[in-house]
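**Student:** Residue numbers (mature numbering (1 follows the signal peptide of the UniProt record, and there is no 0)): -23 to -1, 1 to 354. Glycine residues also receive a C-beta, built at the ideal position from the N, C-alpha and C atoms.
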Amino acid sequence: MINSSCWLVAVLLMLCLVSTATCAIALAGNKRAAPSTAMCTRYTSASLVGDVDLSKVTPKPVNCPLGCNLYTVSGSALGYNGPLGALGPLGPLGPVSTGTPYNVPDNFVWYGNNFNTYLKEMNACDKLLSHPQNPLSSAGPMGDAFFDVMPKINDFTKHMMGMGVWTVLGPLGPLGPLGALGPLGPVGCHMLDVDKDGQFVSKKGEVLRTTSVVYNSSLTVNWPLFERYKSREFVDKLSKKGLLDTSFMVSASVDITGHAYDMVVTEPQYVTVTVIPTLWAKNFFLEAFINGKSVMKSEKLLFTPWFQVHISGADLQNAGPGGAKLKVVIKTDPLDCGMMSVFGCTMDYTMHVVGSTSFMMRKPHLSYTGPHIKQCE
């Protein structure tokens, strides 16, 4: 009887162990089957491009005026003295400058929305965006020449597509036609009025975020407008409502605690974020998060801070309804503050965010490899 009882206990124990193991395996299987967190596909940045070893890059840049290596050092167009710096067209003396006390362009262009008034009086922009050869048409830099002609000029322009060594200087960057200086930016020939917050509005007062532009005789393309928002506080309001896209600029003052901007990406694209210092040679630290996870940091000295992320269709599918969430955090470099960093010193900057849109993904970009590109993990 005792032996029978022991046998019964042993059988029950064995069944419990088997059941436990089966549950553990099932749980492990469920863990493996869980959908992965949506991320970006790849990224590049000022930290990766600055002083990069071009011998490890493919296609290898060889044919550049004066030598390709000169185009990646701090004294090149990527550095503080280049077009991305405080002395360039996006800086405080440029046409889209911010409201600092000494800003002559800002006083002339923005007070009373005079710039658009002058354009209307001169009839300078009548039906420009419906012209068959407008700046965003098939005849312009967003046409097939981007894919077929630009890469063949030389190795410098060959690397101006998404993830190229000099992509930030090309058509997809802040200096390109989709940025602040383009036809849909704050000084563009779209003839739209601007409200007190920097949003474009129709004649009826409706807020507009996109506009249709003739591409060729049979196609019109809906492009995002590039807003110059008047304050970071208003941008924060848009973020909370899920209305902050990847086509705008904003100026603010930040300290070592940092500012955060939350954007929504709803279509496959390359997103380029550039921070222009108001004062020459000042540095900022950048960090990007996608769906709450940090994917990259850019902390390179002597170079204007920027990064570019590639968000693919697969990334957006993983993100689910509502798109991928891109957060950008900007902080001052404590080295720029010196002893003042103890007191939380602030620095002025202007952030430019340019999304390539899915239309510029209609053909494959060149396949770049090298130490200037990292995979999102």
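Enumerated in chain order, which unbroken segments of the alpha helix (DSSP H) with a length of 4 residues or greater are wholly contained in the stretch 189 to 247?
**Tutor:** The stretch 189 to 247 contains these whole alpha helix (DSSP H) runs: 209 to 218.
**Student:** Mapping DSSP to helix, strand and coil, what is residue 49?
**Tutor:** Position 72 of the sequence shown, counted from the first residue, corresponds to residue 49. DSSP places residue 49 in coil when its eight states are reduced to three.
**Student:** Taking just the CA atoms, how far does residue 277 sit from residue 143?
**Tutor:** Translated into the one-based positions of the sequence shown, residue 143 becomes position 166. Translated into the one-based positions of the sequence shown, residue 277 becomes position 300. Their backbone Cα atoms lie some 16 Å apart in a straight line.
**Student:** If we ignore side chains and look at the alpha-carbon of each, how far apart do residue 179 and residue 64 end up?
**Tutor:** One-based indexing of the sequence shown puts residue 179 at position 202. One-based indexing of the sequence shown puts residue 64 at position 87. Whole-angstrom Cα-Cα distance: 34 Å.
**Student:** Quick one: Cα of residue 334 to Cα of residue 22, how far?
**Tutor:** Numbered from its first residue, the sequence shown carries residue 334 at position 357. Numbered from its first residue, the sequence shown carries residue 22 at position 45. Going by the C-alpha atoms only, they are around 19 Å apart.
**Student:** Residue 307 lies in the beta strand (DSSP E); which residues open and close that run?
**Tutor:** Taking the sequence shown and counting its residues from 1, one reaches residue 307 at position 330. Residues 301 to 309.
**Student:** State buried or exposed for residue 271, treating a residue as buried only when at least 16 other CB atoms are found within 10 Å of its CB.
**Tutor:** Within the sequence shown, the letter at position 294 stands for residue 271. Under this definition residue 271 is an exposed residue.
**Student:** Is DSSP giving residue 350 helix, strand or coil here?
**Tutor:** Residue mapping note: residue 350 aligns to position 373 of the sequence shown, counting from 1. Looking at residue 350 - three-state DSSP - the assignment turns out to be coil, as it is neither helix nor strand.
**Student:** Compare the C-alpha of residue 189 against each of 198, 183 and 182 and name the closest.
**Tutor:** Taking the sequence shown and counting its residues from 1, the one referred to as residue 189 is at position 212. Among 198, 183 and 182, the Cα nearest to that of residue 189 belongs to 198.
**Student:** Using the DSSP secondary-structure output, state which residues sit across from residue 253 in a beta bridge.
**Tutor:** Position 276 of the sequence shown holds residue 253. DSSP lists 327 as partners of residue 253.
**Student:** Go to residue 26, then tell me how far its alpha helix (DSSP H) extends in each direction, as first and last residue.
**Tutor:** Sequence index remark: in the sequence shown, residue 26 carries index 49 (1-based). Segment 23 to 26, the alpha helix (DSSP H) holding residue 26.
**Student:** According to DSSP, residue 285 sits in a beta bridge with which residue or residues?
**Tutor:** As a position in the sequence shown, residue 285 is number 308, starting the count at 1. Paired residues: 21 and 249.
**Student:** I believe residue 147 touches residue 342 by the beta-carbon criterion, under 8 Å. Please report the beta-carbon distance rounded to the nearest angstrom.
**Tutor:** Counting from 1 along the sequence shown, the entry for residue 147 is found at position 170. Counting from 1 along the sequence shown, the entry for residue 342 is found at position 365. Wrong, their Cβ atoms sit about 11 Å apart, outside the cutoff.
**Student:** Is DSSP giving residue 265 helix, strand or coil here?
**Tutor:** For this step, residue 265 is matched to residue 288 along the sequence shown. Residue state, collapsed to three classes: strand.
**Student:** Nearest to residue 55 by CA position, among 306, 150 and 118, is which residue?
**Tutor:** Sequence index remark: in the sequence shown, residue 55 carries index 78 (1-based). Nearest C-alpha to residue 55: 150.
**Student:** According to the Cβ coordinates, are residue 349 and residue 306 closer than 9 Å?
**Tutor:** Mapped onto the sequence shown, residue 349 falls at position 372. Mapped onto the sequence shown, residue 306 falls at position 329. Going by C-beta atoms, residue 349 is not nearer than 9 Å to residue 306.
**Student:** From the DSSP output, which residues share a beta bridge with residue 180?
**Tutor:** Translated into positions along the sequence shown, residue 180 becomes position 203. Answer by DSSP bridge pairing: none, since residue 180 is not bridged.
**Student:** With DSSP as the reference, identify every bridge partner of residue 275, one or two as the case may be.
**Tutor:** For this step, residue 275 is matched to residue 298 along the sequence shown. Answer by DSSP bridge pairing, in chain order: 263.
**Student:** Can we say the stretch 241 to 252 touches the stretch 295 to 313, given the rule of at least three CB pairs closer than 8 Å?
**Tutor:** Enough Cβ pairs lie closer than 8 Å, so yes.
**Student:** Quick one: what does DSSP say residue 33 is sitting in, helix, strand or coil?
**Tutor:** Locating residue 33 in the sequence shown gives position 56, counting from the first residue. Here residue 33 sits in helix by DSSP.
**Student:** Assess, as a yes-or-no matter, whether the stretch 37 to 44 is touched by the stretch 116 to 136 under the definition of 3 or more beta carbon pairs within less than 8 Å.
**Tutor:** The stretch 116 to 136 is in contact with the stretch 37 to 44.
**Student:** Given a cut-off of 9 Å, decide if residue 239 and residue 208 are closer than it, judged by their beta-carbon atoms.
**Tutor:** Within the sequence shown, residue 208 is the residue found at index 231, counting from 1. Within the sequence shown, residue 239 is the residue found at index 262, counting from 1. Cβ distance not < 9 Å, so residue 208 and residue 239 don't count as in contact.
**Student:** Within its chain, find whatever has a CB closer than 6 Å to the CB of residue 274; leave out the 5 residues flanking it on each side and keep chain order.
**Tutor:** Along the sequence shown, read from residue 1 onward, the residue named residue 274 stands at position 297. Excluding residues within five positions, the ones whose Cβ falls inside 6 Å are 264.
**Student:** Can you name, in chain order, every residue of its own chain whose Cβ lies under 6 Å from the Cβ of residue -2, other than the five neighbours on each side?
**Tutor:** Mapped onto the sequence shown, residue -2 falls at position 22. Low confidence applies to residue -2: its pLDDT is 39, below 50, so where it sits in the model is not reliable, and the reading given next is rough at best. Here the set comprises nothing.
**Student:** Excluding five sequence neighbours on each side, which residues of the same chain lie with their C-beta closer than 8 Å to the C-beta of residue 109?
**Tutor:** As a position in the sequence shown, residue 109 is number 132, starting the count at 1. Same-chain partners within the cutoff: 116, 191, 193 and 194.
**Student:** Can the beta-carbon of residue 232 be found closer than 9 Å to that of residue 137?
**Tutor:** In the sequence shown, counting from the first residue as 1, residue 232 sits at position 255. In the sequence shown, counting from the first residue as 1, residue 137 sits at position 160. Contact flag unset, no.
**Student:** Do you know whose CA, among 283, 203 and 293, lies nearest residue 60's CA?
**Tutor:** Translated into the one-based positions of the sequence shown, residue 60 becomes position 83. Closest by alpha carbon: 283.
**Student:** Just tell me which of 28, 234 and 160 has its CA closest to the CA of residue 104.
**Tutor:** Indexing the sequence shown from 1 puts residue 104 at position 127. Nearest of 28, 234 and 160 to residue 104, Cα basis: 160.
**Student:** Check for me: the alpha helix (DSSP H) holding residue 290 runs from which residue to which?
**Tutor:** As a position in the sequence shown, residue 290 is number 313, starting the count at 1. Taken as a continuous stretch (DSSP letters only), the alpha helix (DSSP H) holding residue 290 covers 290 to 296.
**Student:** Where DSSP assigns a beta bridge to residue 270, which residues make up the other side?
**Tutor:** Counting from one through the sequence shown, the residue named residue 270 turns up at place 293. Beta-bridge pairing links residue 270 to 267.
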